[in-house]
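Quick mapping for you: the protein sequence lines, in order, are chains A and B.
Numbers 1483 to 1621, taken from this note's numbering, label the letters of the first sequence in order.
Numbers 1483 to 1621, taken from this note's numbering, label the letters of the second sequence in order.
Notes follow once the structure below has been shown.
Protein chains: 2
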Amino acid sequence: MIEQNETARPGDGLDWSAVLDSLPFNADGLLPAIAQQHDSNEVLMLAWMNREALEETLQTGRVCYYSRSRGTLWRKGESSGQVQYLRELRLDCDGDTLLLRVDQQGPACHTGRRTCFYNVVQGDRLVVSEPPQVDPQAL
Amino acid sequence: MIEQNETARPGDGLDWSAVLDSLPFNADGLLPAIAQQHDSNEVLMLAWMNREALEETLQTGRVCYYSRSRGTLWRKGESSGQVQYLRELRLDCDGDTLLLRVDQQGPACHTGRRTCFYNVVQGDRLVVSEPPQVDPQAL
């Protein structure tokens, strides 16, 4: 259904609840969700959402993922303080990926770094680009 | 193995070929790959890579994905001209997501828009944020 927006003009669109009913969640009922800091455009992390997590995030304005390892909803920052406030939710052209434009409180990564993407391929090495902002033991 | 970098200092790192051998490709042999414009930090799209696509991308400097719908390597822009030149390849803390910092030639999206993420949730609507830059028929 979301493909109907391909030819829509800016400002036009579709009923969100109808699109939500038609989203192509994968076999595990999940969609990948990219978290991006809304003002700097930095990519912070990628995690997964089921429909319940997506709806809760839109209702509360605080990002809730689905933890594949724990098999439960994962309210980001609930225990660590690494809360993500949702500024804008976007979907791609075929609706199989979410882009969360967020205001990240403190570091996004469990290592204490701002972003999870601190590993950089440089020739034959995979090099760390930045130090932790906070002690990961404190998270 | 990539988790060994969690406590490494900036500039330190691991042997890339050893990390590559240990990456947690999913049951289909794939990892999600986020493409981000290297200078503006705009998120352009999300696609998937198998090991062969990842290695080709690093060797050639032109981004090659794996097309899940076609079941083949997908050299982005090969027929459409929407080439992505790789500026930097990053991995997240647990190595299950790739971040491609690229120089996107023209629009990334098959609709002719710069980014695939042009659908924005606004209240009870899913609204188009921007028009195509080029006629999608021309791609």
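Glycine is no exception: its CB is placed at the ideal position from the N, C-alpha and C atoms.
| Item | Value |
| --- | --- |
| Within chain A, partners of Ser1499(B) - CB distance below 7 Å | Asp1606 |
| Residues, ordered as in the chain, of the segment 1518 to 1538 of chain A that lie near chain B by beta-carbon distance below 8 Å | Gln1518, Ser1522, Asn1523, Glu1524, Val1525, Met1527, Leu1528 |
| Residues of the segment 1554 to 1584 of chain B with Cβ closer than 7 Å to any Cβ of chain A, in chain order | Glu1570, Leu1571, Arg1572, Leu1573, Asp1574, Cys1575, Thr1579, Leu1581 |
| Identity of the residue in Gln1615(A), Ile1516(A), Asp1606(A), Trp1498(A) nearest Leu1582(A) by Cα | Ile1516(A) |
| 6 Å Cβ shell around Ser1549(A) - same chain, five flanking residues per side excluded | Trp1556 |
| Chain B contact for Thr1593(A) (CB, 8 Å cutoff) | yes |
| Any chain B beta carbon closer than 8 Å to Cys1546(A) | no |
| Interface flag, Arg1491(B) vs chain A, CB-CB below 8 Å | yes |
| Contacts of Ser1650(A) in chain B (Cβ-Cβ under 9 Å) | What is shown of chain A runs 1483 to 1621, which leaves residue 1650(A) out entirely. |
| Contact between the segment 1591 to 1611 of chain A and the segment 1565 to 1580 of chain A (3+ Cβ pairs under 8 Å) | no |
| Any chain B beta carbon closer than 8 Å to Leu1540(A) | yes |
| Test: Leu1496(B) CB closer than 8 Å to a CB of chain A | yes |
| Contact under 8 Å by Cβ, Gly1456(A) with Val1616(A) | Because chain A in this structure spans residues 1483 to 1621, residue 1456(A) falls outside the shown range and cannot be described. |
| Euclidean distance between Cα positions of Leu1526(B) and Ser1522(A) | 15 Å |
| Inter-residue Cα distance where the pair is Gly1553(B) and Gln1619(A) | 43 Å |
| Coil, strand or helix - Gln1486(A) by DSSP | helix |
| Beta-carbon proximity of Tyr1600(A) to Val1584(A), cut-off 8 Å | no |
| Limits of the alpha helix (DSSP H) - the one that Gln1541(A) falls within | 1533 to 1542 |
| Beta-carbon gap between Leu1580(B) and Leu1502(B) smaller than 8 Å | no |
| Reference Val1562(A); option with closest CA among Ala1590(A), Gly1577(A), Gly1543(A), Asp1578(A) | Reading off the sequence, residue 1562(A) comes out as Ser, not Val. When only C-alpha atoms are compared, the closest one is Ala1590(A). |
| Completely contained beta strand (DSSP E) runs for the segment 1567 to 1615 of chain A, where each covers 3 or more residues | 1580 to 1586, 1601 to 1604, 1607 to 1610 |
| Asp1497(A), enclosing beta strand (DSSP E) - first and last residue | 1495 to 1497 |
| C-beta neighbour in chain B for Asn1601(A), strict 8 Å | yes |
| Val1501(B) (DSSP reduced to helix, strand or coil) | helix |
| 8 Å Cβ cutoff met for Leu1528(A) and Trp1498(B) | no |
| Per-residue burial, Ala1500(A) [other beta carbons within 10 Å of its own, 16 or more giving buried] | exposed |
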